[in-house]
Amino acid sequence: MKKRQFLLAAFAACISCGSAPVYAAKQPNVILILADDVGYEALGCYGGESYPTPHLDALAKGGLQAMHCYSMPVCHPTRVAVLTGRYPINVSSPKWGTFPAKLEKQTIAHAMKAAGYSTVVTGKWQLTLLRDDPPQPHRMGFDEYSVFGWHEGARYHEPMIYENGRVNEAARQQFGPDVYREFIESFIDRSVKEEKPFFAFYSMALCHDVTDDLDKPVPVSPTGKYLSYAEMVAEMDRQVGLLTAFLEKKKLRDDTVVIFTTDNGTPSKMISHHVNGKLIRVPVFSQLAGRRIQGGKGRLDDTGTRVPLIVNWPSVIEPGSRTDALIDMADFFPTSLQLAGATVDQPTDGISFLPVLHGKASERSWA
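Listed below in structure tokens is the structure:
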């Protein structure tokens, strides 16, 4: 039996008998990448023609590509669903930039910690103003964090980044996306040294435009403007490529499940530059299989809610796999827990898509 068939068979057997936390096989590391404001039409592997995405295309070619993954139409409810496995309407519909205190101990991070994992989040947080509540990511189960100060400062050039309760002043001289990725890499090194599996929630700042409600417009790039959408997609792809190259260098690829998805569709407009302090927005159009599509973030149709999903696990998933299974944001909680060999012992609206990685049908009939 091939190695990937053996491992998936072991996982499926453990799931079916309801065993907890340790599989017969080694617990895999899990990296959940949630990019920001990227519809399915932006990626080459989904037929996108506007932006080269060679690293993400390679990730899809070497793993499984889901053709029907759906998010909420905007980012905050998606993040609530990912972290809790619950639809926001079932947890009192948290207001923008908030998270229910009663659920802080019921997050994906706490569940993975209970299964023996070290946990980290980097990039975008958006569940509180960190200047008011810097310990929140720790309370929600993340051992370490490096996230930008949402609506407090920049996220790209001259970024304002909180790391484990304090502002990282040195990071203001760096490029934010490099800081977030490098923090994950250093965290992985520490986890490996401690001989613990790791769960990394890589909540990318890319490809959202810059913060628009500060007293002064945030710093521009060295070119004198903000990154265009095309430049952001290219940078997102580069960062994913650098992270997977790091895993290869550390000989961790076979033992690491890399999951890439996004929080909602592409925006219809984004901030391009500012004139005398006034922010200028430009439309965002993308080519998909010969069609010109304007981003639909905030809409309930495919332009706002259909997002890419790539799952890559070299030792297990058959390269070049595709699935038409329906998957949504609440599904990442139970899927991650089952990957860890743990059972879900709290209410969830999600359905694990681990069987889909095994080539089986999904239990989800709607999304």
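In terms of the working numbering, the sequence shown is residues 460 to 826. In this text, a Cβ means the ideal position worked out from N, Cα and C, and glycines have one as well.
Whole angstroms are fine: how far does the CA of residue j sit from the CA of residue i?
| i | j | result |
| --- | --- | --- |
| residue 540 | residue 532 | 12 Å |
| residue 815 | residue 495 | 25 Å |
| residue 692 | residue 566 | 29 Å |
| residue 738 | residue 607 | 21 Å |
| residue 779 | residue 716 | 15 Å |
| residue 651 | residue 529 | 33 Å |
| residue 686 | residue 610 | 18 Å |
| residue 710 | residue 648 | 12 Å |
| residue 507 | residue 752 | 10 Å |
| residue 714 | residue 803 | 22 Å |
| residue 811 | residue 748 | 31 Å |
| residue 801 | residue 674 | 47 Å |
| residue 575 | residue 740 | 46 Å |
| residue 755 | residue 500 | 11 Å |
| residue 605 | residue 598 | 15 Å |
| residue 478 | residue 817 | Caution is warranted here: a pLDDT of 35 is assigned to residue 478, below 50, making its placement in the model unreliable, and the coordinate value is therefore given only provisionally. Taking the straight line joining both Cα atoms gives about 18 Å. |
| residue 699 | residue 503 | 15 Å |
| residue 719 | residue 734 | 36 Å |
| residue 805 | residue 736 | 48 Å |
| residue 549 | residue 807 | 10 Å |
| residue 765 | residue 489 | 23 Å |
| residue 615 | residue 513 | 22 Å |
| residue 679 | residue 634 | 11 Å |
| residue 787 | residue 826 | 6 Å |
| residue 723 | residue 547 | 15 Å |
| residue 767 | residue 487 | 22 Å |
| residue 558 | residue 701 | 32 Å |
| residue 793 | residue 564 | 16 Å |
| residue 729 | residue 536 | 21 Å |
| residue 562 | residue 568 | 12 Å |
Buried or exposed: residue i, going by 16 or more other Cβ atoms within 10 Å of its Cβ?
| i | result |
| --- | --- |
| residue 742 | exposed |
| residue 653 | exposed |
| residue 515 | buried |
| residue 668 | buried |
| residue 591 | exposed |
| residue 821 | buried |
| residue 759 | exposed |
| residue 538 | buried |
| residue 824 | exposed |
| residue 585 | buried |
| residue 898 | Outside the shown range of the chain (460 to 826) lies residue 898, about which nothing can therefore be said. |
| residue 762 | buried |
| residue 594 | exposed |
| residue 708 | exposed |
| residue 545 | buried |
| residue 683 | exposed |
| residue 645 | exposed |
| residue 629 | exposed |
| residue 681 | exposed |
Using DSSP bridges, identify the partner residues of residue i.
| i | result |
| --- | --- |
| residue 829 | No information on residue 829 is available, as it lies outside the stretch 460 to 826 that the chain covers here. |
| residue 581 | 605, 661 |
| residue 634 | 616 |
| residue 491 | 660, 718 |
| residue 771 | 717 |
| residue 747 | 507, 750 |
| residue 739 | 732 |
| residue 621 | 606, 626 |
| residue 640 | BP columns for residue 640 are empty, so no partner. |
Identify the continuous alpha helix (DSSP H) that holds residue i and give its terminal residues.
| i | result |
| --- | --- |
| residue 513 | 513–520 |
| residue 706 | 688–708 |
| residue 567 | 567–573 |
| residue 813 | 813–816 |
| residue 595 | 595–598 |
| residue 535 | 534–543 |
Could you pull the start and end residues of the beta strand (DSSP E) that residue i belongs to?
| i | result |
| --- | --- |
| residue 729 | 728–734 |
| residue 753 | 750–753 |
### Query
If you pair each beta-carbon of the region 510–526 with each one of the region 539–556, do three or more pairs fall below 8 Å?
Cβ pair count under 8 Å is below three, so no.
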